[in-house]
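**Student:** Numbering (the numbering used here), first residue to last: 1297 to 1360.
Where a beta carbon is used, it is the ideal one built from N, C-alpha and C, also for glycine.
For clarity, every value in this text was computed on a predicted model and none was experimentally measured.
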């Protein structure tokens, strides 16, 4: 039969991060289309992905 049967199929997406490296909690939040566009522009202006920009902005507001 086919020689590929013994190969393990890879899962799509990025590999799992090592223990302790992954963020532990996901906080769902909804924005209007206009709000999301404003946030995306701010993140892009700072050369950050949206989630990292939000994280940094929130912690800066908290003073940490």
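(1) Rounding to the nearest angstrom, what Cα-Cα distance links residue 1303 and residue 1313 in this structure?
(2) Can you list, in chain order, the residues of its chain with a C-beta nearer than 8 Å to that of residue 1335? Leave out the 5 residues immediately preceding and following it.
(3) Over the uninterrupted alpha helix (DSSP H) stretch that includes residue 1340, give me the two end residues.
(4) I'd like to know whether the C-beta atoms of residue 1344 and residue 1337 end up nearer to each other than 9 Å.
**Tutor:** Reading off the structure:
(1) It is roughly 23 Å from the alpha-carbon of residue 1303 to the alpha-carbon of residue 1313.
(2) 1327, 1346, 1349 and 1350
(3) 1329-1341
(4) no
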